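The structure appears right after this line, and notes come after that.
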Ligand code: SAH
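In this note's numbering, the protein residues as written are 219 to 560.
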């Protein structure tokens, strides 16, 4: 079993079963995530026999780097997992530290019309260990700390709820990587019941919603999940999240030429937000091959932006992060598979 999937309470339970004190788990956890030991024999303080037992019961498994592309302040990593599955992670160097965007599934079942990842139907969920290992592998490769984690890579995190929340428990723990909850953003296409579950957790972090359309007719076409959980239900959940956590929610809106970028859409979006504490992030579409969508013109984006801003909505235009490293969801994997004829 991969040790990186064990939460601290699980490791304590393991120690107790061996007849050891639970505090031994803390030494191990600190060894793994603070000293970054590469071998169980290097675990601080523990006695020899216990280290040997650990080495028998667990492995320290990191993914294999297949390809790395670097942009100005982004780097994208294509990793191969034990079963040969390919996953992507993107590191973005920002003023406030290093943000790592990680994948939560191999492929994705949500089938959003404009998204490359939808082409690869979900093969399987990632385990918590495989998500933690993405953070550790990138820290090791770039020899820098990851300060923020964004669950915005391939996959729908709320479609893999148990492993994703175990991952969050591991990387946020003060005695481990200590990436605080405020620094862990979860992005979802809107699996409404899981949004309610997530807000019940202790101090949940920032939430981003991939909205992309302000009415059901359009959203049904772009995002099949909307047929299960329509816009009104989603916005009710978003407002409940804000009320419960006292945090703003980020609405992601990818600008698709002639599809969702008209002034009427901006007005509909403003009406959905009303006076709630939602911010809007306008994302230039990163054109992917063969999906039939094009990015909106800068002119139309500006008109859309101004309508929202004039209504007093906080709106941000995301700069085209990662176009040079093919950072849009699923693009590196798609290109790699094409190149290698897989
Ligand atoms: N499933 C989650 C997280 C993964 S997608 C979610 O839906 O939020 C990360 C974000 O990138 C989503 O907002 C997605 O809609 C968007 N996206 C996908 N393909 C894109 C592209 N080609 N250009 C710009 N954004 C894209």
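Just so it is clear, CB atoms sit at the ideal spot from N, CA and C, and this is done for glycine as well.
As the structure is a prediction and not an experimental result, all values here were calculated from the model.
Which residue from 332, 348, 235 and 261 puts its Cα closest to that of residue 297?
Distances from the alpha-carbon of residue 297 to those of 332, 348, 235 and 261 put 348 closest.
From the DSSP output, in three-state form, read off residue 335 for me.
Residue 335 falls in the helix class under three-state DSSP.
Cutoff 8 angstroms; reference residue 479; Cβ partners in own chain excluding five residues on either side
Closer than 8 angstroms at Cβ, skipping near neighbours: 473, 514, 518, 519 and 522.
What do you get for residue 233, buried or exposed, if any count of 16 or more other CB atoms within 10 angstroms of its CB means buried?
The residue is buried, with at least 16 neighbouring Cβ atoms inside 10 Å.
Report the residue ranges of all beta strand (DSSP E) runs contained in full by the region 242 to 323; include only those spanning at least 3 residues, in chain order.
Qualifying beta strand (DSSP E) stretches, in chain order: 282 to 288, 292 to 298, 304 to 312 and 315 to 319.
Where residue 437 and residue 468 are concerned, what is the direct C-alpha to C-alpha distance, given to the nearest angstrom?
Distance between the alpha carbons of residue 437 and residue 468 is about 17 angstroms.
Quick check on this structure: which residue in 435, 239 and 252 has the alpha carbon closest to the alpha carbon of residue 265?
Here the closest residue by C-alpha is 239.
Suppose only complete runs of 3+ residues qualify. What are the beta strand (DSSP E) ranges in the region 372 to 447, listed by chain order?
List check, beta strand (DSSP E) in window: 402 to 406 and 425 to 428.
Cα-Cα separation, residue 387 to residue 422
Cα-Cα distance, rounded: 11 angstroms.
Among 373, 416 and 275, the one whose alpha carbon lies nearest that of residue 319
Closest by alpha carbon: 373.
Cβ shell of residue 221 (< 6 angstroms), same chain only, five flanking positions each side left out:
Answer for residue 221: 276 and 278, listed in chain order.
When DSSP labels each residue in this structure, what does residue 499 get in the three-state scheme?
Three-state result, residue 499: strand.
Cβ-heavy atom distance between residue 504 and ligand 1 below 7 angstroms?
Yes; taking the cut-off as 7 angstroms, the Cβ of residue 504 has a heavy atom of ligand 1 nearer than that.
With distance defined between alpha-carbon atoms, name the residue in 307, 273, 269 and 263 nearest to residue 283.
Residue 307 holds the alpha-carbon nearest to the alpha-carbon of residue 283 among 307, 273, 269 and 263.
Residue 418: buried (16+ other C-beta within 10 angstroms of its C-beta) or exposed?
It counts as exposed.
To the nearest angstrom, how far is the alpha carbon of residue 427 from that of residue 405?
If you take the alpha carbons of residue 427 and residue 405, they lie about 6 angstroms apart.
Limits of the unbroken alpha helix (DSSP H) element including residue 452:
Counting along the chain, the alpha helix (DSSP H) containing residue 452 begins and ends at 449 to 463.
Can you tell me which residues form a DSSP beta bridge with residue 513?
Bridge partners of residue 513: 474.
Residue 328 CB to nearest heavy atom of ligand 1 below 7 angstroms:
Because some heavy atom of ligand 1 lies under 7 angstroms away, the Cβ of residue 328 counts as near it: yes.
First and last residue of the uninterrupted beta strand (DSSP E) at residue 533:
Unbroken beta strand (DSSP E) run through residue 533: 533 to 535.
Among 384, 375, 396 and 371, nearest to residue 295 - alpha-carbon criterion:
Ranked by how close their Cα comes to the Cα of residue 295, the residues 384, 375, 396 and 371 have 371 in first place.
In the DSSP assignment, what are the bridge partners of residue 226?
Answer is none; residue 226 lacks a bridge partner.
When the Cα of residue 536 is compared with those of 314, 529 and 503, which residue comes out closest?
Scanning 314, 529 and 503 for the CA closest to the CA of residue 536 turns up 503.
Across which residues does DSSP place residue 343 in a beta bridge pair?
Secondary-structure assignment with DSSP links residue 343 through a beta bridge to 323.
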